[in-house]
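Student:
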Amino acid sequence: MQVFYTGAEWQKNWLHALQSHKIIGFVPTMGALHEGHLDLIRNSKKSSDITVVSIFVNPIQFNNQEDFDKYPVLIQQDLKLLEKENVDFVFMPKLETMYPEKPSISIQFGELETILEGEFRPGHFSGVGIIVSKLFHIIRPHQAFFGQKDLQQVAVIKRLVADLSFPVEIITVPTRREEDGLALSSRNLRLNSEERAKSLILYKSLCSAKNELLEGTNWLEVRNQIQQRFEEEPLAKLEYFELVETEKFTVMNSFDSSQKASICVAAYIGNIRLIDNLPINP
Ligand code: PAF
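Residue numbers (the numbering used here): 1 to 282.
#1: Would ASP276 pass as a contact of LEU202 if the rule is Cβ separation under 8 Å?
#2: Going by the C-beta, is ALA61 closer than 7 Å to any heavy atom of the ligand PAF?
#3: Can you look up TYR268 in the DSSP assignment and give me helix, strand or coil?
#4: Examine the ligand PAF and report whether any of its heavy atoms sits within less than 7 Å of the Cβ of ASN58.
#5: Can you check whether the C-beta of PRO167 is within less than 8 Å of a C-beta belonging to chain D?
#6: Check each candidate in LEU182, PHE146 and VAL156 and name the one with the smallest Cα separation from VAL290.
#7: Out of VAL244, ALA236 and PHE255, point me to the one whose CA is closest to GLY270's CA.
#8: Going by beta carbon distance, what residues of the same chain come within less than 6 Å of PRO72, once the five residues before and after it are set aside?
#9: Starting from ILE50, follow the beta strand (DSSP E) in both directions and report where the run begins and ends.
#10: Could you tell me the distance, in whole angstroms, from the CA atom of CYS207 to the CA atom of PRO100?
#11: Could you have a look at ASP88 and say whether DSSP puts it in helix, strand or coil?
#12: Can you list, in chain order, the residues of its chain whose CB lies under 6 Å from that of ILE139, leaving out five sequence neighbours each side?
#13: What separation, rounded to the nearest whole angstrom, lies between the Cα atoms of LYS94 and ASN86?
#14: Mind listing, in chain order, the continuous beta strand (DSSP E) runs of no fewer than 3 residues lying wholly within the segment 98-149?
#15: What residue does the beta strand (DSSP E) around ALA236 start on, and which one ends it?
#16: Grab me the residues of LEU112's own chain with a C-beta within less than 8 Å of its C-beta, minus the 5 sequence neighbours each way, in chain order.
#17: Among all the DSSP beta bridges, which residues are the ones paired with SER262?
#18: What distance in whole Å lies between the Cβ atoms of ASN63 and PRO122, which are believed to be in contact at a cut-off of 8 Å?
#19: Which residue's Cα is closest to the Cα of THR29: VAL222, LEU191 and ASP150?
#20: Rounding to the nearest angstrom, what Cα-Cα distance links SER199 and GLN19 in this structure?
#21: Would ARG176 and LEU182 be called neighbours here (beta carbons separated by less than 8 Å)?
#22: If you drop the 5 nearest sequence neighbours on each side, which residues of the same chain put their C-beta closer than 6 Å to that of ILE60?
#23: Is GLN300 near PHE56, with beta carbons less than 8 Å apart?
#24: Is the Cβ-Cβ distance between GLN290 and ILE171 less than 8 Å?
Okay, structure coming up:
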């Protein structure tokens with residue numbers, strides 16, 4: 001496994017030799033790797049010849065300073081996991097390498113900016129769009145792998161790739177869950193044992209809402225029931241519980257089984273913000 005720290009190193013030593021005859025798969029991460037990331041890596045290893053993983057906690061996508069300050073950093077453990085997965089290359093740029101200066105541009109994603117994560121995390125998707133563009137320009141992968149847990153991020157990145165004609169195929173990998181259903185996330189490391197137990201309210205709410213919808217209950221009624229359930233749980237604070245069309249990520253006010261739909265949730269458990277989603281008709 002080869003670790004590199006600048007785009008110049010990658011381009012001078014490896015990219016040109018590999019690009020013409022190898023499929024380069026890319027898994028961008030912010031580290032604190034878990035089985036969900038490893039699923040992305042295993043998918044990349046299956047469908048690409050070379051797998052590059054980046055680890056970079058991107059400050060400009062955090063709209064909350066405390067979330068950034070407390071974001072788990074576990075470099076040695078991450079490198080061991082990557083070595084074990086036989087990853088070919090790891091890109092670990094320094095902050096000054098990625099942002100010698102604060103970027104002067106921002107990227108707007110239209111409607112996607114105003115709903116769900118876009119509404120509750122102003123500037124977040126611009127930060128994601130900028131870092132993913134920079135990483136794509138540096139690594140120049142043929143394929144890039146993203147987790148379905150961040151469903152709106154997937155929609156944003158597909159728009160980025162389409163709008164800016166990046167020659168990259170975006171591949172979405174299903175959400176990995178703990179045995180009890182909690183979606184894996186680096187932020188789960190920050191939950192104490194009581195919060196960890198209460199965090200199941202997200203997955204349980206998604207499952208019961210999906211069942212209700214499939215039994216024919218009206219979406220707005222389903223959402224009301226879930227909002228009440230959150231109100232009764234003092235450790236949890238619901239931000240949104242929405243039904244969306246899965247591909248374009250537009251909000252739906254009623255369930256239409258002819259369209260691919262997913263339910264998305266964001267909630268604080270204590271001080272930790274978690275998100276999750278469940279496809280209704282995959
Ligand atoms: O999903 C993430 O971990 C981040 O948003 C990403 C895509 C690595 C960009 O920083």
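For each residue, glycine too, the CB sits at the ideal point set by N, CA and C. This structure is a prediction, so every number in the text was calculated from the model and none was measured.
Tutor: This is what the structure holds:
#1: Here residue 276 refers to the residue found at position 276 when the sequence shown is read from its first residue. Here residue 202 refers to the residue found at position 202 when the sequence shown is read from its first residue. Cβ atoms of ASP276 and LEU202: closer than 8 Å.
#2: For the purposes of this step, residue 61 is taken as the residue at position 61 of the sequence shown. Note on identity: in this sequence residue 61 is Gln, with Ala being the wrong assignment. For the ligand PAF, at least one heavy atom lies less than 7 Å from the Cβ of GLN61.
#3: On the sequence shown, residue 268 is found 268 positions in, with the first residue counted as 1. Reduced to three states, the DSSP call for TYR268 is strand.
#4: One-based indexing of the sequence shown puts residue 58 at position 58. Yes, the beta carbon of ASN58 sits closer than 7 Å to at least one heavy atom of the ligand PAF.
#5: No chain D is part of this structure, which consists of one protein chain only.
#6: With the chain running from 1 to 282 in the structure shown, residue 290 is simply not present.
#7: Reading the sequence shown from its first residue, position 270 is the one you call residue 270. Of the candidates VAL244, ALA236 and PHE255, the one whose C-alpha sits nearest the C-alpha of GLY270 is ALA236.
#8: Walking along the sequence shown from the start, residue 72 turns up at place 72. Taken in chain order, the residues that qualify are ALA32, SER186 and LEU189.
#9: As a working mapping, residue 50 is identified with position 50 in the sequence shown. Its beta strand (DSSP E) spans residues 50-55.
#10: Stepping through the sequence shown from its first residue, residue 207 is reached at position 207. Stepping through the sequence shown from its first residue, residue 100 is reached at position 100. Distance between the alpha carbons of CYS207 and PRO100: 45 Å.
#11: Residue mapping note: residue 88 aligns to position 88 of the sequence shown, counting from 1. Three-state result, ASP88: coil.
#12: Mapped onto the sequence shown, residue 139 falls at position 139. Excluding residues within five positions, the ones whose Cβ falls inside 6 Å are PHE26 and VAL52.
#13: Taking the sequence shown and counting its residues from 1, one reaches residue 94 at position 94. Taking the sequence shown and counting its residues from 1, one reaches residue 86 at position 86. A direct Cα-to-Cα measurement between LYS94 and ASN86 gives close to 23 Å.
#14: Fully enclosed beta strand (DSSP E) runs of 3 or longer: 143-147.
#15: Sequence index remark: in the sequence shown, residue 236 carries index 236 (1-based). Note, ALA236: beta strand (DSSP E), 236-245.
#16: Counting from one through the sequence shown, the residue named residue 112 turns up at place 112. Here the set comprises GLY118, PHE125, GLN152, ALA155, VAL156, ARG159 and PHE249.
#17: Within the sequence shown, numbered from 1, the residue matching residue 262 stands at position 262. Paired residue(s): VAL244 and PRO279.
#18: The residue labelled residue 122 in the question sits at position 122 within the sequence shown. The residue labelled residue 63 in the question sits at position 63 within the sequence shown. Contact holds; Cβ gap of about 6 Å.
#19: In the sequence shown, residue 29 corresponds to position 29, counting from 1. With distances taken between Cα atoms, THR29 lies closest to ASP150.
#20: Mapped onto the sequence shown, residue 199 falls at position 199. Mapped onto the sequence shown, residue 19 falls at position 19. Approximately 43 Å between the Cα atoms of the pair.
#21: As a first step, residue 176 is located in the sequence shown; it is residue number 176 there, counting from the start. As a first step, residue 182 is located in the sequence shown; it is residue number 182 there, counting from the start. Contact flag unset, no.
#22: Taking the first residue of the sequence shown as 1, we reach residue 60 at position 60. Here the set comprises GLY127.
#23: Only positions 1 to 282 of the chain appear in this structure, which leaves residue 300 out of reach.
#24: Here the chain has residues from 1 to 282 only, and residue 290 is not among them.
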